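Numbering (full-length UniProt numbering), first residue to last: 1 to 501.
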Ligand code: HEM
Ligand SMILES: *[C@@H]1O[C@H](CO)[C@@H](O)[C@H](O)[C@H]1NC(C)=O
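This is how it looks when you write it as structure tokens:
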């Protein structure tokens with residue numbers, strides 16, 4: 001609302017109504033915000049929470065750094081749930097307890113929090129349910145099985161790189177390499193794309209775009225004025241966001257186009273039909289609903305983006321933190337290594353059948369996912385009111401966020417939650433525990449569709465890495481956890497690698 005002064009100056013007659021208009025607009029906007037705030041205060045009135053500023057909400061407490069520690073200390077005070085204010089006019093009920101999480105994930109009227117996804121990679125909202133049915137066959141055991149050797153191949157490229165990189169007493173930043181590895185692997189499994197992105201420096205513009213997107217969405221969420229679409233669009237961050245989206249889309253369009261072209265080519269088609277396995281893109285391209293309708297190009301792109309995005313960044317986080325946990329706990333590292341050596345014998349590579357035998361390693365992987373959940377929180381928008389087991393309710397239209405990170409470290413659920421103890425995942429202990437105490441892949445109808453894929457990749461990466469290297473932490477560079485949608489470390493994860501004989 002900026003009156004055009006060049007036109008207005010000759011006659012103040014024009015300026016005057018414009019000023020009045022602006023004033024009224026600002027006034028109406030203020031009333032609207034006031035009303036919204038009152039509504040939110042009422043919605044969450046039965047939930048006490050940490051004191052918050054009327055305009056900044058909890059933002060000032062959060063931006064002082066150590067956001068996750070702040071969440072933990074709030075969770076200690078409010079072990080079930082509390083309202084968290086992002087600015088004075090937006091709040092979500094933050095859930096820290098399995099009983100509450102169970103209600104949220106079991107609730108029919110929840111849609112994935114629009115905020116995180118809107119405008120990111122899934123542009124036009126969730127046609128999620130229909131799509132999920134189309135996609136589920138893509139995660140069938142028969143489809144996943146041949147991926148194991150592709151994952152192993154990608155992991156080996158990474159380990160070879162590390163071997164060339166290591167020098168005595170100098171640590172390696174893992175996250176970057178692991179991200180490229182998981183991207184390489186998802187591109188092979190999902191699209192049969194052999195990209196060389198791990199060794200070819202120039203091909204990783206897509207990785208940079210995804211990095212940018214996660215960073216930008218994270219900041220947009222925390223900086224209240226950016227919640228307004230218009231302000232965001234004209235800001236420099238907003239423009240960077242658009243550019244990153246454009247790059248990501250360009251990459252995706254290329255992948256789809258190449259496949260469609262090869263489907264037209266008879267020779268290529270025969271090659272695909274003879275392929276030992278179907279990749280996700282084959283499944284997406286063939287997916288038809290009961291009316292015989294397939295996915296539109298735009299839907300296809302949204303799905304491809306989701307796979308790439310959800311599939312590689314999360315797994316990269318999982319693998320990196322897992323290797324960090326192994327480095328911190330040499331006794332568990334050694335036990336996993338021995339288990340893997342025993343399973344593989346003198347074979348150098350790993351196969352599908354081996355994965356099920358990695359009992360102790362799997363417990364360590366789960367314990368690492370507990371302490372460092374790659375997706376530290378998920379949010380849901382309520383399309384109908386929700387009532388928790390204790391009778392407290394939240395009205396329709398509210399945002400509810402399950403803080404997976406806080407839940408996994410909730411001392412009323414986990415004994416000595418900060419301690420790394422794989423025995424927590426022994427079958428006896430698991431059966432004694434709340435069904436919703438461990439939620440790295442969320443739960444309910446909208447849980448992670450790629451869970452099995454991810455677990456396989458974690459196992460392959462762990463096994464092959466431990467066979468080749470001994471890991472120790474770099475005391476000079478401890479990681480600093482930050483939730484950039486995916487759990488990362490603000491300056492990477494640095495480990496010392498020693499090549500095993
Ligand atoms: C360690 C790795 C992973 C973790 C911790 C993880 C975690 C999660 C979580 C917590 C959700 C729920 C998000 C929400 O509701 O807002 C989710 C959803 C999803 N994940 Fe994963 N994920 C991982 C790997 C993967 C992989 C490898 C793929 C694909 C190949 C994948 C595909 C998806 C998809 C498509 C959804 C949306 C499902 C739906 O809404 O129906 N994820 N994931
Ligand atoms: C259950 O967990 C506790 C604490 O982590 C551990 O000491 C104990 O050995 C576990 N029990 C079994 C049967 O694994």
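Backbone N, C-alpha and C fix where the C-beta goes; we use that ideal spot for every residue, glycine too. No experiment lies behind these values; they were computed from the predicted model shown.
Close Cβ partners of residue i (< 8 Å) along its chain, the five nearest in sequence each way excluded
{"i": "residue 122", "result": "For residue 122, the predicted model reports a pLDDT of 39, less than 50, meaning its position is unreliable; a value from the coordinates is still stated below. Only 302, 305, 306 meet the Cβ criterion."}
{"i": "residue 256", "result": "281, 297, 300, 301, 304"}
{"i": "residue 495", "result": "171, 172, 174, 323, 324, 327, 471, 472, 473, 474"}
{"i": "residue 169", "result": "496"}
{"i": "residue 483", "result": "67, 68, 218, 376, 377, 405"}
Residue i versus residue j - alpha carbon distance
{"i": "residue 93", "j": "residue 412", "result": "19 Å"}
{"i": "residue 199", "j": "residue 159", "result": "12 Å"}
{"i": "residue 115", "j": "residue 345", "result": "Residue placement at residue 115 is flagged as unreliable, the pLDDT there being 40, under the threshold of 50; the coordinate-derived value follows with that caveat. Their backbone Cα atoms lie some 49 Å apart in a straight line."}
{"i": "residue 364", "j": "residue 357", "result": "14 Å"}
{"i": "residue 476", "j": "residue 26", "result": "52 Å"}
{"i": "residue 137", "j": "residue 294", "result": "15 Å"}
{"i": "residue 80", "j": "residue 335", "result": "36 Å"}
{"i": "residue 108", "j": "residue 379", "result": "14 Å"}
{"i": "residue 51", "j": "residue 66", "result": "18 Å"}
{"i": "residue 225", "j": "residue 56", "result": "10 Å"}
{"i": "residue 105", "j": "residue 442", "result": "8 Å"}
{"i": "residue 399", "j": "residue 286", "result": "36 Å"}
{"i": "residue 229", "j": "residue 451", "result": "33 Å"}
{"i": "residue 333", "j": "residue 320", "result": "14 Å"}
{"i": "residue 205", "j": "residue 22", "result": "43 Å"}
{"i": "residue 407", "j": "residue 424", "result": "15 Å"}
{"i": "residue 220", "j": "residue 227", "result": "7 Å"}
{"i": "residue 352", "j": "residue 419", "result": "31 Å"}
{"i": "residue 422", "j": "residue 331", "result": "11 Å"}
{"i": "residue 140", "j": "residue 45", "result": "45 Å"}
{"i": "residue 243", "j": "residue 360", "result": "44 Å"}
{"i": "residue 132", "j": "residue 439", "result": "20 Å"}
{"i": "residue 29", "j": "residue 53", "result": "19 Å"}
{"i": "residue 190", "j": "residue 429", "result": "36 Å"}
{"i": "residue 163", "j": "residue 465", "result": "11 Å"}
{"i": "residue 235", "j": "residue 366", "result": "41 Å"}
{"i": "residue 395", "j": "residue 180", "result": "43 Å"}
{"i": "residue 147", "j": "residue 355", "result": "12 Å"}
Minimum C-alpha distance to residue i - residue among the options
{"i": "residue 260", "options": "247, 246, 283", "result": "283"}
{"i": "residue 217", "options": "199, 237, 205", "result": "237"}
{"i": "residue 468", "options": "425, 456, 337", "result": "337"}
{"i": "residue 490", "options": "400, 478, 352", "result": "478"}
{"i": "residue 193", "options": "102, 177, 279", "result": "279"}
{"i": "residue 213", "options": "246, 395, 37, 184", "result": "246"}
{"i": "residue 343", "options": "111, 165, 197, 463", "result": "463"}
{"i": "residue 348", "options": "175, 418, 149", "result": "149"}
{"i": "residue 96", "options": "89, 423, 73", "result": "73"}
{"i": "residue 417", "options": "400, 286, 370, 395", "result": "370"}
{"i": "residue 499", "options": "18, 166, 177", "result": "166"}
{"i": "residue 85", "options": "359, 37, 414", "result": "37"}
{"i": "residue 405", "options": "44, 24, 488", "result": "488"}
{"i": "residue 292", "options": "83, 465, 134", "result": "134"}
{"i": "residue 185", "options": "208, 162, 161, 157", "result": "157"}
{"i": "residue 241", "options": "208, 449, 415", "result": "208"}
{"i": "residue 35", "options": "446, 17, 88, 61", "result": "88"}
{"i": "residue 453", "options": "289, 182, 61, 90", "result": "182"}
{"i": "residue 290", "options": "130, 41, 481, 382", "result": "130"}
Same chain, Cβ closer than 7 Å to residue i, neighbours up to 5 away in sequence not counted
{"i": "residue 124", "result": "Unreliable placement is indicated for residue 124, whose pLDDT of 35 sits below 50; the coordinate value is still reported in the next sentence. Once the five neighbours on either side are set aside, residue 124 has no close Cβ partner at all."}
{"i": "residue 210", "result": "248, 309, 313"}
{"i": "residue 393", "result": "385, 386, 387"}
{"i": "residue 99", "result": "389"}
{"i": "residue 485", "result": "116, 214, 217, 218"}
{"i": "residue 444", "result": "105, 106"}
{"i": "residue 461", "result": "155, 319"}
Own chain residues within Cβ distance below 6 Å of residue i, not counting five before or after
{"i": "residue 457", "result": "151, 315"}
{"i": "residue 187", "result": "193, 195"}
{"i": "residue 318", "result": "374, 458"}
{"i": "residue 102", "result": "436"}
{"i": "residue 492", "result": "173, 175"}
{"i": "residue 401", "result": "92, 94, 377, 379"}
{"i": "residue 177", "result": "158"}
*Identify every run of the alpha helix (DSSP H) within the stretch 167 to 252, keeping only runs that are complete inside it and at least 4 residues long; order them along the chain.*
174 to 191, 205 to 222, 229 to 234
*In chain order, each beta strand (DSSP E) run of at least 3 residues that lies wholly inside the stretch 299 to 353*: Inside the stretch 299 to 353, DSSP marks no whole beta strand (DSSP E) run of 3 or more residues.
_Residues whose Cβ lies closer than 6 Å to any heavy atom of ligand 2, in chain order_ = 421, 423, 424, 426, 428, 429
*Where are the alpha helix (DSSP H) runs, 4 residues long or more, that stay fully inside the stretch 364 to 425, in chain order?*
Qualifying alpha helix (DSSP H) stretches, in chain order: 404 to 408.
*Taking only runs that begin and end inside the stretch 429 to 493, name each unbroken beta strand (DSSP E) of 3 or more residues, in chain order.*
469 to 473, 481 to 484, 486 to 489
*Residue ranges of each beta strand (DSSP E) run of no fewer than 3 residues wholly in the stretch 50 to 86, ordered along the chain?*
81 to 85
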